[in-house]
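J.: Below are the structure tokens for one structure; questions will follow.
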Amino acid sequence: MLRILLLLIVSFHAHCMNVIPLTVAQSDNAMKLNLSSPFGVPAKSKATVGKVTRRDIPTNLLNMNLFIIGADRLSYQWLEAHQEELKSMQALGFITNVNDFETIVALQNKFKLPLLPVNIDPLLDFIKEHHYPLIIAEGAVWQ
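Following this line, the structure appears as structure tokens:
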């Protein structure tokens, strides 16, 4: 529960941004020390791409609109199809199963949506889900 709370605190700080200011470190030393961002990559998860059935979820902790994707072709297609809806909802994105900041920066530049690289396992355990891409909003989870 503490991990979810910390994730939501970080998310709240990033909530109003169109793009999370991730930078790609240019020097080898900076890359070794992971100085390019306060968030870490690789961001790994046991979650996989798959079907998500719409259902209600407990909302006592989740009062902001979130979406979760992975660094895979299906997630990119899903993001493209839902881009305008996510923008209108002012949703914050979590990306998982991603190995580098270049991928995240490229996706933010293309879709103009904020993305944070995180291990989303505690959040998915909380909402009892195992797959992405998905949206968490208005007391429900759906794809």
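Mapping of the sequence shown onto mature numbering (1 follows the signal peptide of the UniProt record, and there is no 0): residues -16 to -1, 1 to 127, in sequence order.
Virtual Cβ for every residue (Gly too), placed ideally from N, Cα, C.
Of all Cβ atoms in chain C, is any one closer than 8 Å to the Cβ of Val102?
T.: Among the protein chains of the structure shown there is no chain C, as only one such chain exists.
J.: Kindly indicate which residue of Ala124, Ala121 and Trp62 has the alpha-carbon position closest to the one of Phe95.
T.: Considering only alpha carbons, the answer is Trp62.
J.: Would you mind giving the Cβ-Cβ distance between Ala31 and Ile104, rounded to the nearest angstrom? I have them listed as a contact below 8 Å.
T.: Right, the Cβ-Cβ distance comes to about 6 Å (below 8 Å), so this counts as a contact.
J.: Would you kindly work out how many angstroms separate the C-alpha atoms of Gly123 and Leu97, rounded to a whole number?
T.: Those two C-alpha atoms are separated by around 21 Å.
J.: Let's test the definition: count the other Cβ atoms within 10 Å of the Cβ of Ala65 and tell me whether it reaches 16, buried, or not, exposed.
T.: By the 10 Å Cβ count, Ala65 comes out exposed.
J.: Just to confirm, is the Cβ distance from Ala75 to Ala121 under 8 Å?
T.: Yes, Cβ-Cβ distance for Ala75 and Ala121 is below 8 Å.
J.: Which same chain residues end up closer than 8 Å to Gly34 when comparing Cβ atoms and leaving out the 5 residues on each side of it in sequence?
T.: Closer than 8 Å at the Cβ level, and outside the excluded window around Gly34, lie His114, His115 and Tyr116.
J.: Is the beta carbon of Val102 sitting closer than 8 Å to the one on Phe85?
T.: Not a contact, by the Cβ cut-off of 8 Å.
J.: Pop quiz: Val25 and Val82 are said to be a contact at Cβ under 8 Å. What is the actual Cβ separation, rounded to whole angstroms?
T.: Going by Cβ atoms, the distance from Val25 to Val82 rounds to 6 Å, so yes, they are a contact pair.
J.: Quick one: what does DSSP say Val33 is sitting in, helix, strand or coil?
T.: Val33 falls in the strand class under three-state DSSP.
J.: For the beta strand (DSSP E) containing Pro101, name the first residue and the last one.
T.: Unbroken beta strand (DSSP E) run through Pro101: Leu99 to Pro101.
J.: Distance, Cα to Cα, Asp109 vs Gly54?
T.: About 17 Å.
J.: Using a Cβ-Cβ cut-off of 6 Å (strictly less than) and excluding sequence neighbours within five positions of Thr87, which residues of its own chain qualify?
T.: Correct list, in chain order: Ala55.
J.: What do you get for Asn100, buried or exposed, if any count of 16 or more other CB atoms within 10 angstroms of its CB means buried?
T.: The amino acid occupying residue 100 in the given sequence is Leu; Asn does not appear at that position. That one is buried.
J.: At the level of alpha carbons, what is the spacing between Lys71 and Leu50?
T.: For Lys71 and Leu50, the distance between alpha carbons rounds to 11 Å.
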